[in-house]
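Just so you know, we're using my numbering here: the sequence shown kicks off at 18 and counts up by one.
Note that the Cβ used here is the ideal one computed from N, Cα and C, for glycine as well.
Each remark here refers to the structure printed beneath this line.
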Amino acid sequence: MSPQDSTKKCHRCLQPVPPRARRCPHCGDMLKRELPNVSIFLGVLGIIVLIGIGLLLYFLPADDDSGPSNTPQQQSAPAPKKPPLN
Ligand SMILES: [Zn+2]
């Protein structure tokens, strides 16, 4: 019931401005951004930390063999059999 919801108000001239406008069309003042970049930076940092912990746990030497085999099994390549001399 409130048609003013879809528009913001300029904090400077108090005129209604479109919600996606970066500048007020009336006074030209810069409007505040709703989502600061800090939250995005913290999210990326959290993802990097999680990946780091995952890699650390993955490359830790496993003493017991109960878990899945993380250690690479070094299998010696089969020696090529020489054809019998005839
Ligand atoms: Zn304005």
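Element boundaries [alpha helix (DSSP H), containing residue i]
i, result
"Ser56", "54-76"
In DSSP terms, what residue i is bridged to
i, result
"Pro101", "According to DSSP, Pro101 bridges with nothing at all."
"Pro33", "Lys26"
"Arg40", "Met47"
8 Å contact criterion, which residue i and residue j should meet: CB distance rounded
i, j, result
"Ser23", "Pro36", "6 Å"
"Val66", "Leu48", "Not confirmed; about 33 Å, so no contact."
Subject >> Pocket of ligand 1 (residues with CB nearer than 6 Å to any heavy atom), chain order >> reply: Residues with a Cβ closer than 6 Å to any heavy atom of ligand 1, in chain order: Cys27, Arg29, Cys30, Gln32, Cys41, His43, Cys44, Asp46.
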